[in-house]
Amino acid sequence: MPKVVREDIDNLNTVLTVTIEKSDYLPQLDQQLDKYRREAHMRGFRKGKAPAGLVRKMFGQSLLADIVTKQLQHELQEYLSHTDTDFLGQPLPKEDQDRVDFDMSNLIDYEFHFDLGLSPVFDIKGLDNTQEFELLEVAVSDEMVADELSQMRSRASQNVAIEKASQDNDSLFLEFQEMDGDAIKEDGISFKFRTLWQDLTPESQAALGAIQAGEKIVMDPFKLWHDKDEQFVRRYALGLDEHDPREVNPAAFELTLEEVSRFEVRPLDQEFFDLAFGEGKVSTEAEALEEIRNDIRNYYAQDAYNLLFLEVQDRLLDLNDIPLPDDFLKRWILASDERNTPEQIEQEYPSFSKGFQWTLIKNKLIKQFEIDVMEEEIHARVADGIRNIFGNSPYLTPELMESLIARRMEDEKEINRIIDSLYLDKLSKVTRTLVKTKPKAVKLEDYEAARKAIHDAIEAKRKSLLPQDLEVDTEEQD
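Just so we're aligned: the sequence shown equals residues 164 to 641 in this note's numbering.
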């Protein structure tokens, strides 16, 4: 039976030796060779009648390599998944590993040697009350609340058909048609478009304001808008591109007012309240304003907690310079992506190592505080994301919601991202109880400035780990 032997080089590096004995692979090799002999179509022989020696010579080496390699991978995976030791990276063949010769004339026991990183043993420093962190609290102004209510009403509003246009933001759907006397010109210019009332000249406003939807007037296209040149009118009122050579007779056009619509802001009635806040939750403007105030306060409170967690994370990285198997990790990073180069890895490794250190700290804290993520929590987070997209749309029926959730749950990459996010959310809640905080009320603009300053300081520290001539794409952590 294959065996795996571990030999620790030091506290951070180990070597795994995997032995695949002849007795481990020979029965499967003989079975596969016999199957090939029975099923292979070989020139000069009937099916299943090829000599065993010929089959062994032609297919034996590749079959042997495949069988031994699969057994090797299986043994490594079994060992790594059933040992209590925490490893870093994945096994890499030792650099001085001799080339394996799969020789059918000399079947032997095979021995493979792999380097592997060991997770360091460490205690976490910094989760205490020796440093005070500011916990920013945004003062929610009446103006912020009123502005949000106004935006909610606008988002819930809709264009309503009206008979006549008369005010800014009225939308007119028009059609210019080229005429030949009193009749529409055959193969003449015909083009439909939309425009806003405030973009029209006073003359065209007077003319169009005097008619209703469905009626027609004679109109010079070049006098429809103010501050629009000939090329603009040809393109957007007549549908002629810049290469169209046709000459335009301004007096030969009829303009039809196809329809007029007006953007009507939702009234503060129960229908709006139910749509915006949920059925029966709010029934007056005062209740709506209070609900919005709480939502804004909760939003910035959560954002402030995220900011606090970012500062705590930065402090933990400063205070916990955890030793790593650097040489092994550099080799592992290099092998993980063929686009990597040794020079690039050497340059970027200080930044990589900080990422490894944070992963170790995070995983240790998750284990220490027994943090776990449940299936129903993942389901709820997926549902929240869908509701954020649809808002309070009546089209999001329970049946559609379940269908979208099921589809999203099949996206492994997205689900892993959600799981990571849930773990970090829970870890953030734990760490904020372990450090000393001081509440500080600030205006929104001061909060945004402080938030930017914290992000900039942390980002500058990260960039300082990299060579000055190395460009790095960075993304703000929220």
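C-beta atoms are modelled at their ideal positions from N, C-alpha and C, and glycine is treated no differently.
### Message
So, does the region 332-342 touch the region 290-297, judging by three or more C-beta pairs under 8 Å?
### Response
no
### Query
Between residue 203 and residue 192, what straight-line distance do the alpha-carbon atoms span, to the nearest angstrom?
16 Å
### Task
Could you check what DSSP says for residue 380 in three-state terms: helix, strand or coil?
strand
### Task
Check the DSSP bridge columns for residue 332 and list the partner residues they point to.
In the DSSP output, where bridge partners are listed per residue, residue 332 has none listed.
### Task
Starting from the N-terminal side, write out each stretch of the alpha helix (DSSP H) that is 4 residues or longer and does not extend beyond the region 522-591.
538-553, 561-572
### Query
Do residue 446 and residue 436 come within 8 Å of each other at the CB atom, strictly closer than that value?
yes
### Task
Determine the direct distance from the alpha carbon of residue 272 to that of residue 187, and round the result to whole angstroms.
9 Å
#### Entry: Given residue 426 as reference, the closest of 322, 289, 508 once Cα atoms are compared
322
### Query
Looking only at its own chain, which residues have a Cβ that is under 7 Å from the Cβ of residue 545, when we skip the five neighbours before and after it?
568, 571, 572, 581
### Task
With distances taken Cα to Cα, identify the nearest neighbour of residue 314 among 417, 452, 373, 403.
452
### Task
Use the C-beta contact count for residue 611: other C-beta atoms within 10 angstroms, 16 or more gives buried, fewer gives exposed.
exposed
### Query
How about the region 477-492 and the region 244-256: do they share at least three Cβ pairs that are nearer than 8 Å?
yes
### Task
Indicate the three-state DSSP secondary structure (helix, strand or coil) for residue 176 in the structure shown.
strand
### Query
residue 265 lies in the beta strand (DSSP E); which residues open and close that run?
Looking at the DSSP string, residue 265 is not in any beta strand (DSSP E), and its letter there is neither H nor E.
### Message
Counting C-beta neighbours from all protein chains within 10 Å, is the total for residue 428 16 or more, i.e. buried, or is it exposed?
### Response
exposed
#### Entry: Assigned exposure category for residue 164 - 16 Cβ within 10 Å defines buried
exposed
#### Entry: DSSP-derived helix/strand/coil call for residue 602
strand
### Query
So, are the CB atoms of residue 379 and residue 419 less than 8 Å apart?
yes
### Message
Taking a contact to mean a Cβ-Cβ separation below 8 Å, would you say residue 215 touches residue 205 in this structure?
### Response
no
### Task
Report the rounded CA-to-CA distance for residue 341 versus residue 403, giving the unit in angstroms.
13 Å
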